[in-house]
Every structure is written in structure tokens, then in C-alpha cells.
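Chemist:
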Amino acid sequence: MTSDLVVRGGTVVDGAGTRRADVLVRAGRVVAVESGIAVAGADVVDAGGGYVIPGGIDVHTHFALPVGAVTSADDFESGTRAAACGGTTCVVDFAGAGREPWEEALATWHDRARGRAVVDYGFHLTVTELPVEPEAAARRFAAFAEQGVTSVKLYLAYPDRLMVDDDTLGRALAASRRTGVRVCVHAEDGATVETLVGEAVAAGRTGPDAIPSVRPAAVEAEAIRRAAGLAGAADASLYVVHLSSAAGLEAVRTARAAGTDIHAETCPHYLDLEQSHLEAGEQDFVCAPPLRGALDRAALWGAVASGDVEVVATDHCPFTAADRRRGTGGTGWTDFTQIPGGLSGVETRLSLVYQGVLSGQLSLERWVNATSGAPARLFGLAGVKGAVLPGLDADLVVFDPGATRTLDASRLHSRSDRSPYEGRVVTGWPVVTLSRGEVVAVNGEPADARPGRGRFVRRSPILR
Ligand code: MN
172 MTSDLVVRGG
182 TVVDGAGTRR
192 ADVLVRAGRV
202 VAVESGIAVA
212 GADVVDAGGG
222 YVIPGGIDVH
232 THFALPVGAV
242 TSADDFESGT
252 RAAACGGTTC
262 VVDFAGAGRE
272 PWEEALATWH
282 DRARGRAVVD
292 YGFHLTVTEL
302 PVEPEAAARR
312 FAAFAEQGVT
322 SVKLYLAYPD
332 RLMVDDDTLG
342 RALAASRRTG
352 VRVCVHAEDG
362 ATVETLVGEA
372 VAAGRTGPDA
382 IPSVRPAAVE
392 AEAIRRAAGL
402 AGAADASLYV
412 VHLSSAAGLE
422 AVRTARAAGT
432 DIHAETCPHY
442 LDLEQSHLEA
452 GEQDFVCAPP
462 LRGALDRAAL
472 WGAVASGDVE
482 VVATDHCPFT
492 AADRRRGTGG
502 TGWTDFTQIP
512 GGLSGVETRL
522 SLVYQGVLSG
532 QLSLERWVNA
542 TSGAPARLFG
552 LAGVKGAVLP
562 GLDADLVVFD
572 PGATRTLDAS
582 RLHSRSDRSP
592 YEGRVVTGWP
602 VVTLSRGEVV
612 AVNGEPADAR
622 PGRGRFVRRS
632 PILR
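Under our numbering, think of the first position of the sequence shown as 172, with each following residue one higher.
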């Protein structure tokens, strides 16, 4: 029997607003949020006037993802340990590496996470095919929900490995409406990208500097328009992962204004980094969609502030510098299509988005909502995580708004040896991370972060 714990002397920030309050934790759950809590014999975490926020929920990670001959640098142990150090207490990882049967993908990902995860985790499934018969497609989605998996991703890009056609996406949206399994899309028009890639490579433009022109913002906007049209026709909800551009954002806003139930996520790297890294030929900055320009960044910050973009997740998928160089073929890349793509982010997300609060671009509440409240609400975790409320898991972060930290790989806990934010100093960092009432990180370092203590979280169907 663990003793009670009181988080004392902080300012609680969540969807209910900002207030001075103590938080009483018992048996892994929050049992009271009010001022002046005193319980004899309770452990005390002194919040020291900092913010007490719901643990971050990162709904876009790729741990131990095989990409050709190489694998993303973090597995469930190092990835969730890094998450805890950065104030994230729940991740939702994408199960499935290609076109394997969904049962196999789910079993594989459970095997990878079980006994290793430090904080709680859920899974999305990647859908590359669906039964043609609508009833059978809905039964497939209902089977996902029975497994506690209430979201899927479909790719409109990567024709050879992952891409679905419009009929498949339409059936998925219809099945989503009937089952409450959320449909997420990777919105880049794969056919157009293939054409542009072919032209670039044929012209000898084989380095990372070609990437912005072969995956332009227009292909993101076009894919969003197409998917939103299908969602509207199916009267279904659509979630756009990793929105990267002002043009894509405009497509989201236009669809929403036309009555489509559309949600969007962006990532810290689209808020903070620019395509100049690619133009300089830096392979360590390859991801898809690619980094964009200053105007895109500004538009995305504005949309996170307004709530037009509800979620900031990471698409955490780092590679070591050596693996980038090896390429997906394992013997060195000869053109940019063979560079394993993805950036590190799971540990730095909370603080990087907080920089927007510091610069006056977004409110404290929007910061917390984008990093925990909205992900919980949109992904079937409402009533479990994502707020500081009695009855919810005591996934809590004490965040010191004055702490500074250097975002070098040597100071972070990813197994990747390159941080995309190398040299950046941020202000504001978690000082204590609690997962179901247990301290898992202190001052950005692991503390009793026991592999295997993290649990699989069964998520509920998502009601509209
Ligand atoms: Mn991804």
C-alpha cells in the first residue's frame, strides 16, 4: 500500500483553467484538487510555485520502427524514459511497419512495449487495406476497438509501401462513423510526390536540398482537400497528422468552414525548424512532410494559439547519424529517397511549445490543451488522463517556468546522437514527473523509471 502524496504549492493549469491548488494523490489517482490540503503521513512534492499540469500525451510516436535496413533509434524503453524526463506520461505509438496483417502488427507492438515501457502507452493501427464490403470493414474497426485501439492512420503517400486509394479511405471513414474508431491521415499526395521525385532524381538532384521541392506544401493541401471531401461525404470525422504548412492549414480551415468535422495536429519541428537545414544538405533534418519556411511556422504558431490546430504531437522517429548515412538499403544512400526520415521530439515537446507561452504567442491553457487535454479528448482518453481532476490517473508534471535546459543530444535521453535542436537553450522544464502517482523523473533525469511499469492503455471509442 503506497502512501498518499500531496503536490503542494503549485499553480494548476488544465482545461478547467488556472488556479492555485494542491493535488492529493491516492492509489495512483487524483482524489482532490483544492487549496490547503494537509494529510498526515502523506509524501509531499513541493511544486515551489511552479505549474502543475497534466502529464503530456504524445499521440504520434514511432518507437522501434523498422525502415528498410535500419530501425528508429528509440525503443519503448529509451523512448518512454525520454518522454518521462520531458514531462510526457502517455504515448500513442503507431503499430505496423507495412502491409502485415493487423493482428500481427498489434501483437508485435505489444511484445515490443511489454516489460519495457516506463510510462503508459496505447497504439494506433496503420491501415493499408480494408474489406470491400462495408459491413466487413466496420467489423474490422469494431475488432480494433475491442482491443482498446480506437484510432487508425491511413497514408495518402508512399505508393509502394503504405498508400491507400480513395475508395479505401472512404470505406475507412464510413467504418469510423459507425464504430468511433478515429481516422487519421498522413496527408501528402503520393502520386504527385512520386512524379516530382522521379524528375528530381533524373535531373541529378539527389541530395536533401531537393526535398522541399518534391514534397511541396501544395501536395499537403491537395491531400487534405481530397480527404476532407471524402470525410464530408461520409459524414465522418477526420484527423490530419503532422500538419506542416500554411497551405495545408488553409485547407483545414476551408473544410471546417464548410462543415467538415476536421482536426489537425502539428509537431514542434514544424513550429521551430526551417527548410534551410535541407537546403544546406543536412541529412539529419530529413522528415516527411519536410520542414518549411518562416511563414509556415508563423501560421502554425497562430493556429496552435487559436485552437485551429488542436494538438501538438511529435512524430518522434529519430535515427542515429550513422543509420542516416547507411540509408534504408543499409550500404549508404545514393539519393534522398533512401535517407531514413524522422526527427526526435518526445522529450522536448512540452518545453518547446512552452516557448510559445514565453514569447506571448499562446496562453498557458492552450499550451496544456495542445499537449495533453486535446489529445486525451480526441483519442479516447477523456476521464482517464489529460486533466488534473479527481478520478483521473495521477499523471502530473511539476513544471518550473524558470528552469533552463540545453537541448543537446548529450543532455537528452533519446538513443539518437543528434538532436534537431542542438545548441538551443530553452526556459521552462519539468522538475517532477509523476506517472500514476509514482515519481518517474526529477529535474529532467530518470528517477525509479522502472522498465515495465508502464501499462497498455485501452482507449474508448471516440464519440462525437
Ligand atoms: Mn509518423
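Think of the CB as a built atom: it goes at the ideal place given N, C-alpha and C, for glycine as much as any other residue.
List the DSSP bridge partners of K324.
Modeler: As a first step, residue 324 is located in the sequence shown; it is residue number 153 there, counting from the start. Per DSSP, T297 and C355.
Chemist: Using the Cα positions of W280 and A435, report the straight-line distance between them to the nearest angstrom.
Modeler: Here the question's residue 280 lines up with position 109 in the sequence shown. Here the question's residue 435 lines up with position 264 in the sequence shown. When rounded, the distance between both Cα atoms is 25 Å.
Chemist: Below 7 Å, is the gap between the Cβ of H448 and the nearest heavy atom of the ligand MN?
Modeler: Residue 448 sits at position 277 when you count from the first residue of the sequence shown. Answer for H448: no, Cβ out of range of the ligand MN.
Chemist: For M172, name the three-state secondary structure that DSSP assigns.
Modeler: Taking the sequence shown and counting its residues from 1, the one referred to as residue 172 is at position 1. Any reading at M172 must be qualified, since the residue scores a pLDDT of 48, below 50, and its modelled position is unreliable; the value itself is stated next. Three-state result, M172: coil.
Chemist: With a threshold of 8 Å, are at least 3 pairs of Cβ atoms found where one atom belongs to the region 314–322 and the other to the region 378–388?
Modeler: Not touching, per the Cβ criterion.
Chemist: Does the Cβ of C261 lie closer than 7 Å to at least one heavy atom of the ligand MN?
Modeler: Residue numbering aside, residue 261 sits at position 90 when the sequence shown is read from its first letter. No, the beta carbon of C261 sits no closer than 7 Å to any heavy atom of the ligand MN.
Chemist: Consult DSSP for L533 and reduce its assignment to one of helix, strand or coil.
Modeler: Taking the sequence shown and counting its residues from 1, the one referred to as residue 533 is at position 362. If DSSP states are grouped into helix, strand and coil, L533 belongs with coil.
Chemist: On a Cα-Cα basis, can you pick out the residue from G623, P622 and G615 that is closest to T259?
Modeler: Counted from its first residue, the sequence shown places residue 259 at position 88. When each option's Cα is compared against that of T259, the closest is G615.
Chemist: So is M172 buried or exposed if we call it buried at 16+ other beta carbons inside 10 Å?
Modeler: If you number the sequence shown from 1, residue 172 lands on position 1. Any reading at M172 must be qualified, since the residue scores a pLDDT of 48, below 50, and its modelled position is unreliable; no value is offered.
Chemist: Looking at the unbroken beta strand (DSSP E) that takes in V364, where does it start and where does it end?
Modeler: The residue labelled residue 364 in the question sits at position 193 within the sequence shown. Segment G361 to A373 is the alpha helix (DSSP H) holding V364; no beta strand (DSSP E) there.
Chemist: Please name the residue in A558, V528 and E450 whose C-alpha comes closest to that of G544.
Modeler: What you label residue 544 is simply residue 373 of the sequence shown in a count that begins at 1. Taking only the C-alpha atoms, the option nearest G544 is A558.
Chemist: I'd like the ranges of any alpha helix (DSSP H) spanning at least 4 consecutive residues and lying wholly in the region 496–580.
Modeler: Counting only runs of 4 or more, we get 520–529, 535–539 and 545–549.
Chemist: What's the gap between the Cα of E304 and the Cα of I228?
Modeler: Here the question's residue 304 lines up with position 133 in the sequence shown. Here the question's residue 228 lines up with position 57 in the sequence shown. Each residue's alpha carbon lies about 35 Å from the other.
Chemist: Entirely within the region 375–426 and at least 4 residues each: give me those alpha helix (DSSP H) ranges in chain order.
Modeler: Listed in chain order, they are 382–385 and 388–405.
Chemist: Any heavy atom of the ligand MN within a distance shorter than 7 Å of the CB on H233?
Modeler: Here residue 233 is taken as the residue at index 62 of the sequence shown, counted from 1. For the ligand MN, at least one heavy atom lies less than 7 Å from the Cβ of H233.
Chemist: Is it a yes or a no for the region 522–542 touching the region 206–215, going by three-plus beta-carbon pairs under 8 Å?
Modeler: No: the two stretches stay apart, fewer than three of their Cβ pairs being nearer than 8 Å.
Chemist: Which residues mark the beginning and the end of the alpha helix (DSSP H) in which R252 is found?
Modeler: The residue you call residue 252 lines up with position 81 of the sequence shown. Unbroken alpha helix (DSSP H) run through R252: F247 to C256.
Chemist: Where does V596 land, buried or exposed, given buried means 16+ other C-beta within 10 angstroms?
Modeler: The residue given as residue 596 occupies position 425 in the sequence shown. V596 is exposed by the Cβ-count criterion.
Chemist: Which value, in whole angstroms, describes the spacing of the CA atoms of A362 and G562?
Modeler: On the sequence shown, position 191 is the one that residue 362 refers to. On the sequence shown, position 391 is the one that residue 562 refers to. Computed Cα separation, rounded: 48 Å.
Chemist: Please list the terminal residues of the continuous alpha helix (DSSP H) segment that includes S447.
Modeler: For the purposes of this step, residue 447 is taken as the residue at position 276 of the sequence shown. Taken as a continuous stretch (DSSP letters only), the alpha helix (DSSP H) holding S447 covers S447 to E450.
Chemist: Looking at C-alpha atoms only, which residue of A346, Y441 and D443 is the closest neighbour of P132?
Modeler: Past the boundaries of the shown model lies residue 132; the chain is included only from 172 to 635, so the question cannot be answered.
Chemist: Is the beta carbon of C488 within less than 7 Å of some heavy atom of the ligand MN?
Modeler: As a working note, residue 488 is residue 317 in the sequence shown. At least one heavy atom of the ligand MN is nearer than 7 Å to the Cβ of C488, so yes.
Chemist: Here's the rule: buried if 16 or more other CB atoms are within 10 angstroms of the residue's CB, otherwise exposed. What is H366?
Modeler: By one-based count along the sequence shown, residue 366 stands at place 195. Note that residue 366 corresponds to Thr in the displayed sequence, not to His. Exposed, since its Cβ has fewer than 16 Cβ neighbours within 10 Å.
Chemist: The ligand MN and F507: does the residue's C-beta get closer than 7 Å to at least one heavy atom of that ligand?
Modeler: Start at 1 with the first residue of the sequence shown, and residue 507 comes out as number 336. F507 Cβ: outside cutoff for every heavy atom of the ligand MN.
Chemist: Comparing the CB of F456 with every heavy atom of the ligand MN, is any distance shorter than 7 Å?
Modeler: Working through the sequence shown from its first residue, we reach residue 456 at position 285. The answer is no for F456.
Chemist: May I have the straight-line CA-CA distance separating V539 from V483, to the nearest angstrom?
Modeler: Taking the sequence shown and counting its residues from 1, one reaches residue 539 at position 368. Taking the sequence shown and counting its residues from 1, one reaches residue 483 at position 312. Straight-line Cα distance between these residues: approximately 10 Å.
Chemist: For the 8 Å Cβ check, are there 3 or more pairs between the region 581–589 and the region 222–241?
Modeler: These segments do not touch.
Chemist: What are the start and end residues of each continuous beta strand (DSSP E) run of 3 or more residues lying completely inside the region 193–228, in chain order?
Modeler: Listed in chain order, the complete beta strand (DSSP E) runs (minimum 3 residues) inside the region 193–228 are 200–205, 214–217 and 222–225.
Chemist: Can you give me the Cβ contacts of V602 inside the same chain, cut-off strictly under 6 Å, excluding the 5 residues immediately before and after it?
Modeler: One-based indexing of the sequence shown puts residue 602 at position 431. For V602, where only same-chain residues beyond five positions count, the Cβ hits under 6 Å are V569, D571 and N614.
Chemist: What do you reckon, is the C-beta of F265 under 7 Å from a heavy atom of the ligand MN?
Modeler: Mapped onto the sequence shown, residue 265 falls at position 94. The answer is yes for F265.
Chemist: Considering Cα atoms alone, identify which of V196, V354, K324 and L552 is closest to R630.
Modeler: What you label residue 630 is simply residue 459 of the sequence shown in a count that begins at 1. Of V196, V354, K324 and L552, the residue nearest in Cα terms is L552.
Chemist: Does the region 390–399 come within contact of the region 443–455, defined as at least 3 CB pairs closer than 8 Å?
Modeler: As far as the Cβ criterion goes, the region 390–399 does not touch the region 443–455, which means the pair count is below three.
Chemist: Using a 10 Å radius around the Cβ and a threshold of 16 neighbouring Cβ atoms, would you call D336 buried or exposed?
Modeler: If you number the sequence shown from 1, residue 336 lands on position 165. With fewer than 16 Cβ atoms within 10 Å of its Cβ, D336 is classed as exposed.
Chemist: Give the secondary structure of A266 by DSSP, where H, G and I count as helix, E and B as strand, and everything else as coil.
Modeler: Numbered from 1 along the sequence shown, position 95 holds the residue referred to as residue 266. Correct three-state label for A266: strand.
Chemist: Counting only the same chain and skipping the five closest in sequence on each side, list residues whose C-beta sits under 6 Å from that of Q454.
Modeler: Counting from one through the sequence shown, the residue named residue 454 turns up at place 283. Same-chain partners within the cutoff: P379, R495 and I510.
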